[in-house]
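Let me begin by presenting the structure, written as structure tokens, before commenting on it.
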Amino acid sequence: QRIEQERSEKRRISQFEDMSRLAMNRLAAIVQRVYRGYLGRKSVENLRLERQKAALALVFLNDCATEIERAWRGYCGRRDAERLRREMAEFLFLLRRQEAAAEEDEFVIQLQSVQD
Numbered sequence: 034q035r036i037e038q039e040r041s042e043k044r045r046i047s048q049f050e051d052m053s054r055l056a057m058n059r060l061a062a063i064v065q066r067v068y069r070g071y072l073g074r075k076s077v078e079n080l081r082l083e084r085q086k087a088a089l090a091l092v093f094l095n096d097c098a099t100e101i102e103r104a105w106r107g108y109c110g111r112r113d114a115e116r117l118r119r120e121m122a123e124f125l126f127l128l129r130r131q132e133a134a135a136e137e138d139e140f141v142i143q144l145q146s147v148q149d
């Protein structure tokens, strides 16, 4: 009967160990599932942050390009305005010179008609 008790005790211990092992495996699976979920959320958050960074970098580059374009257009506008002022000054100079020559010719004609 003592041998039977020992066998029974060993069976109970073996069953307890099996149940304990099964419970530990279940707990390990739960911990792994929770941790993998955490890693997945963290990965998604990092991906979202990377996309935001890329979008901000694109906005920054567009702003830089706009600023460069604005500066270039200002330079070209000032350059063209200066050229136009010079051309206008030359045109007015030639026009006044022609008017002066015409007035001088008129004066000479009037002077000759008065002398005759």
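Just so you know, we're using the numbering used here here: the sequence shown kicks off at 34 and counts up by one.
A virtual CB, placed ideally from N, CA and C, is assigned to each residue, including glycine.
In this text, all values refer to a predicted model and were calculated from it rather than measured experimentally.
Neighbourhood of residue i by C-beta distance below 8 Å, restricted to the same chain and skipping five residues each side
{"i": "ASP51", "result": "none"}
{"i": "ARG111", "result": "none"}
Neighbourhood of residue i by C-beta, 7 Å cutoff - its chain only, sequence neighbours within 5 removed
{"i": "ASP138", "result": "none"}
Worksheet item: Quick one: complete beta strand (DSSP E) runs, 3+ long, within the stretch 91-115?
Response: Runs of the beta strand (DSSP E) inside the stretch 91-115: none found.
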